[in-house]
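Asks:
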Amino acid sequence: MLSIVALIGCSSPPPVTIGIVLNRDGERGALLAVDDVNAAGGIRGRRLELRIMKGSSSTAARDALVAAESLALDPAILGVVGHTNSAASLAASQVYNEHHIVQIAPTTTAPLYSSAGPYSFRMVASDAHQGAFLARLVAADPAHPRTAVLYVNDDYGRALHGTFAQNLSLSGATLVYEAPFEEGVRFVDVATMAQAIAHTRPDLLVWLGRPNEFAALIPSLRALAPSIRVLASDGLSNPEIESHPAPAFLGVTYVRFRDLANSTPAIRLLDARFRDRWHDAFTDQYCLAYDAVRLLAEATSAGGSDRAAVQRYLTSLGRTRPPFQGVLGKIAFDEHGDPNPAYFLAQVTASGSKATTFAAWSGSRQ
Amino acid sequence: MMGRGARQRSLRAVTLTIAVAFAIVATASTLFVVSLSSSVRRSLDRGTDQLMIDQRIADQIVSSSYGQQLAAFRYLKSPSPTALGEFRVLGQETYAHIRQYLFRPMPLTARLKVELIKEAHQTFEVAAQHAFDLSLRNDPDDARQQVLALTECASR
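Protein chains in written order, with our numbering: chain S, 284 to 649; chain D, 331 to 486.
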């Protein structure tokens, strides 16, 4: 009997488990955060573990809903970091809110996510701000460029296009061409799209989408409009562009969530550890996923180890508690689960992405 | 031995106790039935309200998406900034209604179906834009092909 009691007494407490629905880069950030939390003693003596949903990083709602349902129904999961993009995060958010489980979306920017529910949080600001930021850059361009805009027709590109076009029209500028596109196999007739854009003689293309379709379109477009400049949203960011970009991306200016010109010692250290472990480019997605997992670990440690306590902790940040100190800066949320906006511009060069001379933009919500 | 009067008193007491107990049970049962029926009615009212709101949003989705399809065909027949503007406004309305619907509680299978409708709407809009580009390029055969694809996409 004594030995049984001793065995029970010595058995390790159950781990704290977080669900992860991210792309490869985000998963790497999450894994490094778990190593750091466990190396520092875990969460009140409990180990932190991840349940990674593999292959769930697409924009299709089906994948997002299946992953969300699986995580939400697992009582061991205390919170979720994901999903990879706005369409997937928005689809999954209703499942998480129905099951009262916190979702922290590292790179979700669709404005509608602010209305998803009390269990939906994110690490980057709503595109209501990024649209205004991009419009301000175009409007302030002394060359008054004839501007065309292409946007991915999902929850991300659609909303970003709306806020960008609205803010640009408020400044008195007009767009010479605007069109949606679809990702993946349906992005086919590149020649027609390039001809339609070139027909309007634009000086500037504003790209509100991800890199694969851009790489497919831009050679045809540059053949017809060689001097066209490109300004892109945060969706363009990925490890290849930030380390060894294809020629199609050279010279493109795009939005980042991290100030490349003023890296803090903490970011430089994380960058070095990342490159040492994975021999790959250090991206914003990686940093944001790292901070999101550490934040959930702290919510479990300081707030309590049930789903409602985690939600209460996150809501209290910046109100009844001080903000959480992440690697990218202080983290606190407004009543919609949104942080303050902060945007920086980078330019793609042959050796990776570099900070531009443009002014960065950050500040409180409008 | 118990006297006749004592037996009568005891019988009266038992009868009274049974009557009181019956009255309590009957009152409680009545209250329970009233409360249950009122709760069922409230729940039924809530369900009906929910259904009516769902139906109203669904009607708006159908109405604005049909309107957008008509606007697309009008633009292809006679391109103008007004027709293009109408196409875009109706597209935004359709999207907003679909998103409004998706923010309502529903089973996972229903949610998936509505998400697929949202994705089909996105596909339709891109196909329409492609047809617009082709028609401006004065490529009637391609544009006609695209209109056929558009019709097929819209019928989904």
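We put the beta carbon where it would ideally sit given N, CA and C, even for glycine.
Anything in the stretch 357-372 of chain D with a Cβ closer than 8 Å to a Cβ of chain S? List those residues in chain order, please.
Replies: Taking 8 Å as the Cβ-Cβ cut-off against chain S, none of the residues of the stretch 357-372 of chain D qualify.
Asks: Residues of chain S with a CB under 7 Å from the CB of P435 of chain D: which are they?
Replies: Those within 7 Å of P435 of chain D in chain S are E381.
Asks: With distance defined between alpha-carbon atoms, name the residue in S:P425, S:I335 and S:S372 nearest to I360 of chain S.
Replies: Per the Cα distances, S:I335.
Asks: Count the other CB atoms, across all protein chains shown, that sit within 10 Å of the CB of F462 of chain D; report buried if there are 16 or more and exposed otherwise.
Replies: Buried.
Asks: Just reading off the beta strand (DSSP E) that A462 of chain S is part of, what are its end residues?
Replies: Counting along the chain, the beta strand (DSSP E) containing A462 of chain S begins and ends at L458 to F464.
Asks: Pairs of beta-carbons, one from the stretch 517-531 of chain S and one from the stretch 420-428 of chain S, closer than 8 Å: are there three or more?
Replies: No, the stretch 517-531 of chain S does not touch the stretch 420-428 of chain S.
Asks: Give the residues of chain S in contact with Q452 of chain D, contact being defined as C-beta atoms less than 7 Å apart.
Replies: The contacting residues are N436, D437 and E465.
Asks: Answer yes or no: does any C-beta atom of chain S fall closer than 7 Å to that of D463 of chain D?
Replies: Yes, its Cβ sits closer than 7 Å to a Cβ of chain S.
Asks: Taking E525 of chain S as the reference, give the member of S:A585, S:D589, S:Q568 and S:P298 with the closest Cα.
Replies: Per the Cα distances, S:Q568.
Asks: Could you tell me whether any Cβ in chain S is nearer than 7 Å to the Cβ of Q459 of chain D?
Replies: By this cut-off, Q459 of chain D is an interface position.
Asks: Does DSSP put Y402 of chain S in a helix, in a strand, or in coil?
Replies: Here Y402 of chain S sits in coil by DSSP.
Asks: Check whether the stretch 568-584 of chain S touches the stretch 317-329 of chain S, counting contact only when three or more Cβ pairs, one atom from each stretch, lie closer than 8 Å.
Replies: Yes: at least three Cβ pairs fall under 8 Å.
Asks: Should K637 of chain S go down as buried or exposed, given a rule of 16 or more other Cβ atoms within 10 Å for buried?
Replies: Exposed.
Asks: Out of S:L571, S:R505 and S:T536, state which residue places its alpha-carbon closest to the alpha-carbon of Q608 of chain S.
Replies: Ranking the options by Cα distance to Q608 of chain S, first place goes to S:L571.
Asks: Could you tell me which of D:L446, D:T424, D:A450 and D:R339 sits nearest to D346 of chain S, measuring between CA atoms?
Replies: The shortest C-alpha separation from D346 of chain S is found at D:L446.
Asks: For a cutoff of 7 Å on Cβ pairs, would you count E455 of chain D as touching chain S?
Replies: It does: the Cβ of E455 of chain D has a partner Cβ on chain S nearer than 7 Å.
Asks: Can you look up R539 of chain S in the DSSP assignment and give me helix, strand or coil?
Replies: R539 of chain S: strand per DSSP, three-state reduction.
Asks: Please state the DSSP three-state secondary structure of K637 of chain S.
Replies: K637 of chain S falls in the strand class under three-state DSSP.
Asks: If we define contact as Cβ-Cβ less than 7 Å, is T475 of chain S a contact residue for chain D?
Replies: T475 of chain S counts as touching chain D.
Asks: Classify K443 of chain D: buried if its beta carbon has 16 or more other beta carbons within 10 angstroms, exposed otherwise.
Replies: So K443 of chain D counts as exposed.
Asks: Whose CA, out of D:T345, D:Q475, D:S465 and D:A450, lies closest to the CA of E465 of chain S?
Replies: Out of D:T345, D:Q475, D:S465 and D:A450, D:A450 has the C-alpha closest to the C-alpha of E465 of chain S.
Asks: Is it right to say R539 of chain S is buried, meaning 16 or more other beta carbons lie within 10 angstroms of its own, or is it exposed?
Replies: It counts as buried.
Asks: How close, in whole Å, do the beta carbons of L507 of chain S and L443 of chain S come, if the pair is a contact with beta carbons under 8 Å?
Replies: No, L507 of chain S and L443 of chain S are not in contact; Cβ-Cβ is about 25 Å, not under 8 Å.
Asks: Of all the residues that make up the stretch 420-435 of chain D, which are near chain S by a beta-carbon distance shorter than 8 Å?
Replies: Per Cβ criterion, the list reads Q422, Y425, R429, L432, F433 and P435.
Asks: Under 8 Å Cβ-Cβ, which residues of chain S neighbour L442 of chain D?
Replies: Within 8 Å Cβ-Cβ: A344, R345 and L348.
Asks: Can you confirm whether E416 of chain D, when its beta carbon is compared against all beta carbons of chain S, has any partner nearer than 7 Å?
Replies: False, the Cβ-Cβ gap to chain S never drops below 7 Å.
Asks: Could you tell me which chain D residues have their CB closer than 7 Å to the CB of L395 of chain S, listed as they occur along the chain?
Replies: Neighbours of L395 of chain S on chain D, chain order: R429.
Asks: DSSP three-state label for T598 of chain S, please.
Replies: Of the three classes helix, strand and coil, the one that applies to T598 of chain S here is helix, per DSSP.
Asks: The ligand GTP and K613 of chain S: does the residue's C-beta get closer than 6 Å to at least one heavy atom of that ligand?
Replies: By its list of ligands, the structure shown contains no ligand whatsoever, and the ligand GTP lies outside what it can speak to.
Asks: Report the neighbours of R467 of chain D on chain S: residues whose CB is nearer than 8 Å to its CB, in chain order.
Replies: Within chain S, the residues near R467 of chain D are T475, Q478, A479 and H482.
Asks: Verify the CB distance criterion: does A462 of chain S have a CB-CB separation below 7 Å to chain D?
Replies: Yes, its Cβ sits closer than 7 Å to a Cβ of chain D.
Asks: For chain D, check one thing: does any of its Cβ atoms lie closer than 7 Å to the Cβ of A564 of chain S?
Replies: Not one chain D Cβ lies under 7 Å of A564 of chain S.
Asks: Determine, using beta carbons only, whether L438 of chain D and E352 of chain S come nearer to each other than 7 Å.
Replies: It is a contact, given that the beta carbons lie within the stated cut-off.
Asks: Where does the unbroken alpha helix (DSSP H) through F352 of chain D begin, and where does it stop?
Replies: R334 to K407 is the span of the alpha helix (DSSP H), which, as asked, contains F352 of chain D.
Asks: Residues of chain D with a CB under 9 Å from the CB of Q377 of chain S: which are they?
Replies: Those are L432, F433, R434, P435, M436 and R441, listed as they occur along chain D.
Asks: Measuring straight from C-alpha to C-alpha, what distance separates A356 of chain D and T345 of chain D?
Replies: Rounded to whole angstroms, A356 of chain D to T345 of chain D spans 16 Å at the Cα level.
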